[in-house]
Structure formats: structure tokens, C-alpha cells
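Protein chains in written order, with UniProt numbering: chain A, 1 to 235; chain B, 1 to 235; chain C, 1 to 235; chain D, 1 to 235; chain E, 1 to 235; chain F, 1 to 235.
Using N, Cα and C, we set each Cβ at its ideal position, and we do this for glycine too.
6 protein chains.
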Amino acid sequence: MRKDRKNSEIREVSIQTDYTKHAQGSVLIAFGETKVLCTAMIEDKVPPFLKGSGEGWITCEYRMLPSSTITRKFRASSKGKIDGRTMEIQRLIGRSLRSVVDLSALGERTIWIDCDVLQADGGTRTTSINGAYIALCHAVNKLIKDGNLKKSPINGQVAAISVGIVDGEALSDLCYEEDSSATVDMNLVMTSKGEFIEIQGTGEERPFTKDELSQLLSVGEDSINDIIKIQKEYI
Amino acid sequence: MRKDRKNSEIREVSIQTDYTKHAQGSVLIAFGETKVLCTAMIEDKVPPFLKGSGEGWITCEYRMLPSSTITRKFRASSKGKIDGRTMEIQRLIGRSLRSVVDLSALGERTIWIDCDVLQADGGTRTTSINGAYIALCHAVNKLIKDGNLKKSPINGQVAAISVGIVDGEALSDLCYEEDSSATVDMNLVMTSKGEFIEIQGTGEERPFTKDELSQLLSVGEDSINDIIKIQKEYI
Amino acid sequence: MRKDRKNSEIREVSIQTDYTKHAQGSVLIAFGETKVLCTAMIEDKVPPFLKGSGEGWITCEYRMLPSSTITRKFRASSKGKIDGRTMEIQRLIGRSLRSVVDLSALGERTIWIDCDVLQADGGTRTTSINGAYIALCHAVNKLIKDGNLKKSPINGQVAAISVGIVDGEALSDLCYEEDSSATVDMNLVMTSKGEFIEIQGTGEERPFTKDELSQLLSVGEDSINDIIKIQKEYI
Amino acid sequence: MRKDRKNSEIREVSIQTDYTKHAQGSVLIAFGETKVLCTAMIEDKVPPFLKGSGEGWITCEYRMLPSSTITRKFRASSKGKIDGRTMEIQRLIGRSLRSVVDLSALGERTIWIDCDVLQADGGTRTTSINGAYIALCHAVNKLIKDGNLKKSPINGQVAAISVGIVDGEALSDLCYEEDSSATVDMNLVMTSKGEFIEIQGTGEERPFTKDELSQLLSVGEDSINDIIKIQKEYI
Amino acid sequence: MRKDRKNSEIREVSIQTDYTKHAQGSVLIAFGETKVLCTAMIEDKVPPFLKGSGEGWITCEYRMLPSSTITRKFRASSKGKIDGRTMEIQRLIGRSLRSVVDLSALGERTIWIDCDVLQADGGTRTTSINGAYIALCHAVNKLIKDGNLKKSPINGQVAAISVGIVDGEALSDLCYEEDSSATVDMNLVMTSKGEFIEIQGTGEERPFTKDELSQLLSVGEDSINDIIKIQKEYI
Amino acid sequence: MRKDRKNSEIREVSIQTDYTKHAQGSVLIAFGETKVLCTAMIEDKVPPFLKGSGEGWITCEYRMLPSSTITRKFRASSKGKIDGRTMEIQRLIGRSLRSVVDLSALGERTIWIDCDVLQADGGTRTTSINGAYIALCHAVNKLIKDGNLKKSPINGQVAAISVGIVDGEALSDLCYEEDSSATVDMNLVMTSKGEFIEIQGTGEERPFTKDELSQLLSVGEDSINDIIKIQKEYI
């Protein structure tokens, strides 16, 4: 049994908006000891494949600062290439945010989402999505306030949680220690309506059964609902 | 309604073993018009993090030949970097195969899996897993036959299928045309016991409901069973 | 003395056209155990240096699949750069094909030639040229059939052969084993009229005499004639 | 005349130690609106050129987060290379810190200094040095506390300040707006004894006279003394 | 005491103009045993950030030939990236030359300065600046002579010298041996009017005092005057 | 008809040995207006594939300085990769020199050959080989003089020449202007005994006949003999 919280309970969440001044949206978000700076910056152009289409784009870069982990993490720029895990995560964050935005309504502009992990203790990708969504809302509000958009192109609320099977139990919002001993590891990205945007599960140590899948979805859904409520206070 | 096959029916499968002579396992596999050359080659050393551990490793590289797609696909080596989609896929294939192998029992050697897509028509990553599993078995048999291993370290059978929601229906083994119009896209990697190794679903166009998830898992499971049977003939 | 064939005799040749469906020309060619997939794909633009010139371009990429050799060959994209040998070969193939094409008559389009070696047993560059020529012809025929070109810009037929001095004798179409023990190594690219497009000879182990040069040209010319005849059946 | 502070006066300084938990030294430092996270992490090995020498090493990486500037700054890892300005700055920080450390007394270990600019408003390199020195002291204290070092190899205190000629006057600690209109730009790195470690001056708009050099050194020295005092409170 | 020359005396200087024929300015310059080929080439376009501005640009590339040093120096192109020292130096040379040129008066063209060190014996960056200034003048003269410019946009003369503290004495124009034992190392770039363009001093072994700074500036100024005179003969 | 020299006549050759002081062999060689600095430097280790074999290695790097051509040539290091032509040339030079050296007799050391083109006017690769051979001899003599080798491992003399068909005539040692209008282009590397080391001919504009090949070999051989004589004076 988990010592300090229920299986479907998330860690203490702290959110600080307007953390830096240059980005249109800037959110320092923490789930327990995991701290991520999520920013949203607006650029008045789009990637080549959208030029002239009238549609906008949302893209994401995710990085861990070298000092965010116990053993110093080498920078992608020093090694000369971005590793596969980083690519997967930033693609996931970008897809998750785009799924709740009407890109035509955004107009021909790009919103750059940057998620820089200041301190890692499990769940950095889901914490990033949760903070990035708030930063995105702030950037869009800024566009509206400045008269550059009439109404918000955001048509849904998105939250994410990591779940896993540890010692035979389905747990939500795993810290690093729990994550290290999980036999099954799953990330869920969902909307405020209880629908799925992404579901990514891996049987790291052993395959998992349909019954385990059900338990994971159940604890995850509870946590998603809690996060959705917290996010609403900062949008 | 699908014209030529049932929703949970897979495309025609063709498998040619020993397709090339240098690799210990070499399988040309086709699901419909999707053709992949899957090879397994044994190297008598392991990556640095395993040196001296007594454990082996299985790693995968996935590529699409430039001529495998309608519009010529630029080579990673000409652009100077591997794109995110390619990285995600080769990491998925590697993880899937490692999950059914006892790496300690494999001994300090690496099995390199190469999946080169000769012709793409949807489902290249799942076709790759299905063929790579056979190639892996052949390479392991070679190790046993040559007296380098006493018994097989493979402790499970793995198969994969792509499923998706097209025009409101859950379909299995999507061809390119179906894949292009799918609102939900999911890849399943499962064992012969009906357990999950990987489940990766994305609501590309819109979020998906719990009910849709159930339907997708259902058609997928049927297809996995069919593939498992076909693979057995070639192992 | 060579066991199984005469000194100027080529290995068994097999050619399969329309091997894949997306490329306008797609040829699987084998010289003995050497198998190369040669494709030609048409793109409706040209490199910057030809923009607005009215001229077209033919360019080539050559790669060996990792499983094509006895010891697995690392991919250029994993090492981050293309090695010198690969560059030399793809430049040679491109030059050879361009030499028999009237690039002005081709119009402002690029024909991409890709030669992917599926299995290597000596002579991969010459086999590539022999197959690529057929693929090129098919792609040009497609342009004519589709009404995009009135007449063929191809004004010659090109074939290639590797020759070498092994145990003091001039041999044609060396397999890997013969190539490894050759003291002189030469590649000839010629036309159906018996003229030279390229001649590249290297005294790997020792310099070679004018007399040896004559012998090499002689066995090579015989083989070129044989290849020219075979190609004609597939154009 | 400067509105809000004297010409030799530094901006408001805020320092937060132990800002993150994994690094042995972790300092969030702000000079006005410029905020830098400076960390020091210990690694028990040295670069190849010091192996077996008994000497240690201190190295630095400096980066600006993409959201730290008004216009989003592209990451070095996305562009594939580190720009010249970044290289210059991280070399300067590394040299500055090494100049007050007895590397033999440090023993064969590396201290990695990372300076990640969260928000930029002028003087990021000097702010980095000021914070990095404190982080370095904390990391060394940790080595001593853990019994890995008997006494500190740090034999001096180092502080840095940017100075410049703006509208004909020598100013200290320039904010971005002042820096943009400076005709002469100089960075000073000095010790608590008033000696120079680095002096780097550039006549960006026009050459500068010996008299102007004297004025710059004078305001700079005053500021250095103030910084030295502030640092002492956190070491 | 220095054996063969006074502390503020420069080494023997030799200058050969029009050393190669393709560059508009081509100067082989030697300070003692340090030999650098400095060329200036005119290109009729500017970097993107100046397009349409009517302004020109001057940029510099600096390299040491592999054989220019005692131990062969690896080429940047073989290692795949330019090292920090090289970047710093070429940025310094570019800045120094731009500071005496009215870029608006140059018009929308780029002057490429290349400084290739044929033989290194200390002071390669200052020798490069001294030779590059002459090459720049020649290229500008060519523009005027060919009727492409009415009058010279060069509005000052620039010279550079390295100075340092060796065995407690301030010396000018250090050769490699002196440079290796210098405790303080400084590069000065000045105009013919005795004003500073760049001052870069580093306390490599120990910090330096204000008094030492004065001595260094004093010997440096004498040498700058000597170099200014020599340059005038070749402009 | 050629204006100033016979068809088989080489341009004026000038050779300056000991041109720089750090390399063991350093030769500035000019064929007409083509000037190349060829150096040979000894390193006391070998590439990984020769470690422990007792054999030595000779490797070559070839580059054109940016100012060596009419239009400034971009550096490989600025573009991030070496182009195919450069790779081909440096591989050719390396192979040519290795073919006349007994690598076992050289012992486990590498001789680095660097050919840096200071000024290009046709025939840079053949001029490089001619100068590099002399530099190699000097480096080997140095090894013998210093007692590091008992006798020379060089067992042949190597020279190179470019030949081509211009206006229907076979010419030797083409300058840039002639090279630009050549329909056939060939490089010959031969020994003092009249044997071939390399023969590389390309029908750039049109295929060439056997008779043309004979003429090219004939003028080339004459020139090779002249170069062999000149080289002997400097070895």
C-alpha cells in the first residue's frame, strides 16, 4: 500500500503563472518534486507546409536541464542530436495540444510551446502537458486581448497523467521511485469530457492483461478529473 | 462497410524466409501491398551499459526506402538526422521484441533487427514487428544449431496490428487509404496469450470514447490471433 | 583457371521489372548473388543551379542495406555521415546515366535514381548501373505515355562491368571472393557502340602494366556486349 | 543621467540557494530582471587530457532558454550547432572559475557548471559568473562535508560586472535597453582583492579612448565590491 | 630580459601582397615565424538580415592548416564542428575590421576575409588582423578602380598586437615559447589614433593588477604604432 | 593547336621544399598557376583497424582554400560536411602513395599527408600527388636520420598527370580553361617504371573511343616521365 496518498491520488500540485515576462504564456508547474517551466510564445508565421493555407500551428520542444536529474544529463546540443525519448515526448505534447485547438480559427501563426524540466521526479511529460495547456490558454487570451483574434480557437481542455502497476496495484501519478519499479507504465491524455486523446501503455517488465488495463484507466480517470479542476483555476 | 473484407479481417499475408543469405534471419513479409524486409544479425558484443553484465541486447533500426512511398522519401542520411516518427517506430519494435526475450539467457551478444520497408501501404510498423519476430526466431535457432546457445531465450510470441475508427467503424489492418481517413489510430502489440505489450492510441482528428476503445481492442484481438497462427508456420 | 565460367563470362543475370509500385521505374536486378533494387522516380523540380534553365537533372543515391554484407554494415544515418566509398559510387552512377541523356530534352524535372543493395557479393556498383539504366528507361517511357514528353531524351545505352587481375589472369564480373584476391581492380562503363563512359582502374596491391590494361579492356568489352543484349529485353 | 540608480550602482540582486535538489550546488540568481539558474554537479572523472594527472577540472555550459528573450531563441540542438556567442560565454565562465581554484587540490573529478538563463535583460554572462561562483562553493562544501575533500581548493572569490558607455557616461550593470544603446561594451571579472581575471572590451559603435577605459574600470570596480559583499552572505 | 629585442619591440615583419591571383586582396604576412595568408573576396550579396537595407557586411573565417602546428591540428571539417577558440578568433577579426568601415557606404555587398595560418609561432590572431586590414584595403581599392564604388568606406586604420606578462615583465608580440610561459595574456586592437577597438585580457595563471594592466597597455601601444607605420607602406 | 607548349608538355613546375617548419616534409609545389602546399607529418599511432598489427598507415586530407578559386569556395567545416569531389580526391592521393610504400616496413605509425590548394588553375589533384610524394620522402628521410627507421619503406616513385581531349586533340597537364572545354577528362597515376597505379577517365561530354584512350595514355606517359625527372631533384 502507498504510504502517503491513495492509489488514484495525485501529488501536491503548485502552479505559478506569469513566471517569466517575455513569453505570452509562462507557467511554472510542479507535481510533487517534478518542476517544469512551460511557456507559450506566438510567432507570426507558419511552417512551410501551411504557408498560405490560412491555418495555424502549435509545436513543442521538451528538454530536461542537465541538472534536473541525479546524474547530470548531457545536452542534446553537446551530443549533436536529440535522443529518441525527447523526440517522442515533444511530439506527444504537440499532438495533445493541437487536438483541442481549431487550427483554422487560430489563423496563420505558430504557437511555440517550450517545456523545460527544472527538476525531475517522475511524470515530466504529463506535468508538461498539464502546464503547457495553461500557458497555451494565456497566450491565446493575449491574442484576444490585443485584438488579434476575436474568439478562442481552443475547443476543449486537456490534462494528462501517468499510471502504472507497482507491486500488483494500479497507481496514479508515479514518482521516480515508483516509476522505477513499475511493471506496466502508461500515459493517458484526456479531455474534460472523459474522452481519450492519447493512450500509451508499455509492458516494460511483462505483458499486462485486459483487467489490468481497466484498473489503470480507472485510477487515471480519477486523477484526470482532479487535474482538470486545478487547471480551471489558472486559465 | 468495407468492400473486400470484414472489419476485423487482415489483408493477405505473404512471408518468404531466407530471403537474403548473410543475415542469420531474413524475412520478406507482406501485408497486402505493404512489403518489409526484416533481418536479424548476431553480433558478439553488447552496448557499453551492458558490458560485463552477462546480459544480451536486441536493438532495431527501421527505415523506409526512398522509393517505398508515392512521393520519394528523403533518406535520413541525406538530411543529416533521423526524424521523430522513425525513431518512435524503431524504439517500439525493439521494445516489443525485448519483452518476449530473456536477455540474461541470450548471453552477451546483440541481435540487430533491421526493418527496411520496400513498399508502403499502411501498417509498416506492425508488419515490421510481425516479420521481425520470425527473423529473430531464425537467428536464435541458428545460435542453438551452431552450439552457441543451449536453449531458446524467447519466452513468448509477439504480433502486432493497427486498428482505427473509419467512418464510425472499428477496422483492423488499415491500408494507406483507410489510415488517411481514420479519426482514431491505434497500434496494438500483443502476445499469443492475449496480453498487451504495447497499446498506442491517438485521437488524430477528435478524442475517442471508452466505448470506441473497447471496439478497437476487440477487432484488434481477433486479428492478432490470426497473425499468431500464420507466424507459427514460419518459426 | 576459373571453375565454373570463362574469364570473360558474366554471372547468371536475373531481372524483375515493376518490382515495387510507387516508383515510375523499379527493377530488382541480380548478377549472381549480388541483388540490387534500382528505382527511378520523377520529381517536377530541379536543383537550384538549374532553375529556369529549361534543363533537367538525373541524380543517384546508392546504399547497402545493413544486412547486405556478412558483417552488418552501419547505416550512414546512424553514423551521421556518408562514407567516401558510397559517395564515389553514387556519383559514378549519376554521371554514367547523365552521359546518355540529353538533359535539355528531359525538361525541368529531376529523375531520382535509388540503388539499394539487398545482398552484396561483388560488383554492386556495376550491377547498380545496369539495373538503373533499365529503371531510367521505364521512367522515361512513363513520361512519354502520360504525355509529359514527346520523345525520349535517352540517346545511348549504358552498361557496366567490373574486371580484375586474379592469379595473373584477367577476369570479368568478379564475385566477392575473387575481388578480395584481385591485385588490380577496374570498373568499366561503356555504351552499346563500344565507347567508354568511365574507366576506373586501381592497382590495389601492385601497379599494373600496359599489357594487363589491354587484357582487362578485352574481357570487359566482351561482358559489356553480353549485358547490353540482356538489358535490351527489358527496356 | 540614469533615472533610478547611480552610474556605478548595480540592479537589485536576489539569490535563492538550493533551488533544485539534484545538483550539489543550485542557485537561482537575479540581477534586476535577468534570472539565471546556476548549478554545480560533481562527476568522478576527468576529461581525457587529465586522466591520471591527479588534477581536476571545472567546465561550464551556458544556454538561454528559448522563452528567455523577447523573440523566441532557437535551441542550439534544433539548429544542430552552438553559436559563437554561446561558446565565448561558456568558455569565459569556465576560465573565470578555474582561475580561483587549485585544480590539483580538487583531485581527479570534474565540476560541471550549468548556467541556464530563464529570463534575459542584459548582463546574462556576468550574472552567470556571480551565481556560478556561489554554486561552486556549495558543491565544494558538499565534497568536504561528505569527507571526499579535506579542505577547499578554492583560493579566491570571483565576481563579474558589465560596464559600458551610454550617452557619453560610464554606467555599470547595464540592462538590455542601456546595453542596446551603448557605444562601448566591457565585461570585467575580478577578485575580492581588486585584481583582474578577465577584461573584455569592445568598441561596438566607435573606438574608445584611454580616458573612457579608466572611467569604465572605475565604475566597474565599485560594483564588483558590492557584488563581492552580497555573494559572501550565501557562501 | 629578452635576448634579441626590446620588450615593446615587434618581431621582424614581412608582407607580400598579391600573393594569390583570384582574391581581390591577397596578403601573405609574417610576424617572425608566424605566417598567415589573408585574403579579401567580394561577393555581390549580403546575409539575410541585411537584404534590402542598402548596407554591406564584412565577415571572417580563420583556420590553422593542420601542418601549421608542432602536433598536427585536426581540421574542423573532419571533427564535424568548429572549436570555440576558432570561433572567438574569427568573430574578433570580423568585428575589428567592421569597426573601421562605414557599412552603408560599402553598399549591399559582402567582403569575405579568410585568414589561413600556414605556420604558427604565437600571435596568429593579431597577425591575421594586421594582414587582413591590408587585404581589405586592396579589395576596396579594386572596387573603386572598377568603378563599383566612388570613394572608400574605410574610415580608420586598424592594427593588433598581443602582449603579456612573462617572468614579471610586460612583453609585446609574444612568440609561442613566451606565450606558453605568460601568466597574463592580452590582445589589443587599436586605431592609428591610439584608440581602442578591442581589449581582451586573461589572467591565465593568476589575476593581474591595475599596475600590470598599465604596463601592458604601454608596451602594446608602442608596438601598435610600429605596425601602423609598416601597414601604410602596403596599402 | 596549343599556343605556348606542345600537347604532351607540362606547364612550368616550381618546387620549394621545407616551406614550413613544423611538418617533417613540407613542399610548396606549382604547376603553372596551380599552387599546392603538401605536407607530411608523422604520428606515432595507427587507426584502430591496424592497432597491434605492426603495420603503418598513410592517409591524406585535401582541401581548397576558399580564396583558391575565382568564386570563393565555402569551407567544408562551414557547410558541415565534406563534398564528394573532395572525398574522392583525398582517397585517390592516399591510395596512390600507399601503393609505393611497404606499410609493414613503416612500422606502427601514421604519416598524415595534407594537400592544401592555395591557388587553383586545373590539375590540383595531380599536382597534389606530385608534391605529396616529395613531402613523403622527406618525412621518411627524417625518420631514418633520427634513427627511427633503418631503411626506407618506399619502394617506388609515383607521379600523376591530368590529360584530356580538347578540340579533338589529346593534351597533357590541362589548365583550368582547357579543362573546362575538355570532352574527355582523365587522371593518370604512374610509377617511374611506366606502370599504372590509377587510371580514371570520364567522358564528361560524350563517350570516348579506344583510339582516344591510346592517345591520352601516350601524351600522359611522356609527361609522367618529365615529372619523374623533376621530382628526383628534390628527393
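Please report how far the alpha carbon of residue i lies from the alpha carbon of residue j, in whole angstroms.
i      : j      : result
L97/A  : K193/A : 15 Å
C137/E : P207/D : 19 Å
T209/F : T183/F : 12 Å
T110/F : C60/F  : 10 Å
I224/F : E195/C : 26 Å
R95/D  : S128/D : 13 Å
I70/B  : R91/E  : 46 Å
K73/C  : N7/B   : 41 Å
A170/D : G25/E  : 39 Å
G123/A : D44/D  : 29 Å
M175/A : I165/B : Position check: residue 175/A holds Cys in this sequence, whereas Met was assumed. Spanning the two alpha carbons is a distance of roughly 34 Å.
A139/E : V27/D  : 51 Å
T34/D  : G131/A : 23 Å
I134/D : G156/D : 12 Å
I199/D : V36/E  : 27 Å
F49/A  : Q215/C : 57 Å
I29/C  : D18/C  : 11 Å
M190/B : E233/A : 41 Å
G54/C  : A23/B  : 46 Å
L143/C : L149/C : 6 Å
E177/E : R2/E   : 12 Å
I need the DSSP call for residue i, collapsed to helix, strand or coil.
i             : result
T202/E        : strand
F74/E         : coil
K35/F         : strand
I224/F        : helix
R125/D        : helix
Y62/F         : strand
V46/F         : coil
residue 243/D : As shown, chain D starts at 1 and ends at 235. That puts residue 243/D outside it, with no answer to give.
S14/E         : strand
V101/E        : strand
I111/B        : strand
Which one or two residues does DSSP pair with residue i in a beta bridge?
i      : result
S26/C  : T39/C
W119/E : Here the sequence assigns Gln to residue 119/E, which means Trp is not the residue at that position. Paired residue(s): K35/E.
Return the Cβ separation of residue i and residue j in integer angstroms, given the expectation that the two are a contact with Cβ distance under 8 Å.
i      : j      : result
D185/E : D179/E : 7 Å
L118/D : T20/A  : 6 Å
I10/E  : D167/E : Actually they do not touch by this definition, with Cβ atoms about 19 Å apart.
T39/F  : D114/F : 5 Å
L65/B  : D116/B : 6 Å
Going along the chain, which unbroken runs of the beta strand (DSSP E) with 3 or more residues stay wholly within the region 155-213 of chain D? 158-166, 169-172, 182-191 and 196-202
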